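**Q**
Numbering (UniProt numbering), first residue to last: 1 to 305.
#1: Determine which residues share a DSSP beta bridge with residue 199 and list them.
#2: Would you list, in sequence order, the uninterrupted alpha helix (DSSP H) runs of no fewer than 4 residues that lie entirely inside the region 32-117?
#3: So, residue 169 versus residue 274, is the Cβ gap smaller than 8 Å?
#4: Residue 276: buried (16+ other C-beta within 10 angstroms of its C-beta) or exposed?
#5: Quick test of your reading: residue 200 and residue 233, contact by CB under 8 Å. State the CB separation rounded to the nearest angstrom.
#6: Within a Cβ cutoff of 7 Å, which residues of the same chain sit near residue 255, ignoring the five residues on either side of it in sequence?
#7: Is the number of C-beta pairs between the region 103-112 and the region 121-140 that are closer than 8 Å three or more?
#8: For the beta strand (DSSP E) that contains residue 132, what are its first and last residues?
#9: Go ahead and pull the three-state DSSP assignment for residue 148.
#10: Should residue 71 be labelled buried (16 or more other beta-carbon atoms within 10 Å of its own) or exposed?
#11: Among the candidates 202, 237, 243 and 236, whose CA atom is the shortest distance from the CA of residue 223?
#12: Is residue 176 near residue 243, with beta carbons less than 8 Å apart?
#13: Output the boundary residues of the alpha helix (DSSP H) element that contains residue 232.
#14: Please go through the same chain and pick out, in chain order, the residues whose beta-carbon is closer than 6 Å to the beta-carbon of residue 6, but skip the five residues on each side of it.
#15: Can you name the start and end residues of the beta strand (DSSP E) that residue 165 belongs to?
#16: Name the two residues that bound the continuous beta strand (DSSP E) containing residue 277.
#17: Taking the DSSP output, what are the residues bridged to residue 259?
#18: Drop a sphere of 10 angstroms on the beta-carbon of residue 270, count the other beta-carbons inside from all chains shown, and report buried for 16 or more, exposed for fewer.
#19: Who pairs with residue 153 in a beta bridge, going by DSSP?
#20: Looking at residue 150 and residue 103, is the spacing between their C-beta atoms short of 8 Å?
#21: Note down the Cα distance separating residue 24 from residue 33, rounded to an integer number of angstroms.
#22: For the candidate residues 241, 136, 166 and 124, whose alpha-carbon lies nearest to that of residue 174?
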């Protein structure tokens, strides 16, 4: 017994994992193309270095881990997985793959598109760490301009120098209100009905759209910084406003919200683009993600046709 454990080698940990995975010293020898005596010697050295007995050799012929062996096995797997991840990331960087990716998405991008894109991204690029931001209006472009995010999905904006844009479709916006709201219970097919009630409007955290109102007809407005707050207040009957149809579809079916028929606010399509700085073109992972968003838009167009 030693007072201070030694440092095992990666090869010794590999031998331990192989013995456990195949269930025998002889099986590990065949898999690793070594003599059984070499496998036994490697495990004995590992036990000597750690000062622990890893296998019960007295009560069974088949290798059975001791309590200490199970603890060492768990750590050995973590070390082995860490080495595998390191090698995979190194290989990816040698091939030009990003080690991490910062992405900012417009809050109006439908949830099903976000989930589809990021689920597929994780499957295709398991070694790339993703940093996700969600913003509204010009704040998306601002994060890309400031190099906080490498790529973004932004709504319609005036042309910004230094930003490239790639169309990725649009989301259908519709005017809605709670069923008890005056606009939902009264005749609203006359022009100007919306101006008589509070309109809930998303506000921009950046200065890129300062002074620009999009689809605002109400003379009395409440400005909200995030879409979830707007959604919550709409269902509470505090005001009316335009919302992405996919986000309120369940609410419309359940009667929590109603679609308004207003000639001066008929909704429309909120066009979206993938954006990036012209001096920082996207790498392989970022380019793949942009293409995924383009594929979604093409699929939606095909279904609509």
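All C-beta atoms in this analysis are idealised placements derived from N, C-alpha and C, irrespective of residue type, glycine included.
Keep in mind the model is a prediction, meaning the values are calculated, not measured.
**A** Looking at the coordinates:
#1: 221 and 240
#2: 36-50 and 67-94
#3: no
#4: buried
#5: 6 Å
#6: 179
#7: yes
#8: 129-135
#9: coil
#10: exposed
#11: 202
#12: yes
#13: 227-235
#14: 49
#15: 163-177
#16: 268-277
#17: 176
#18: buried
#19: 105 and 274
#20: yes
#21: 14 Å
#22: 241
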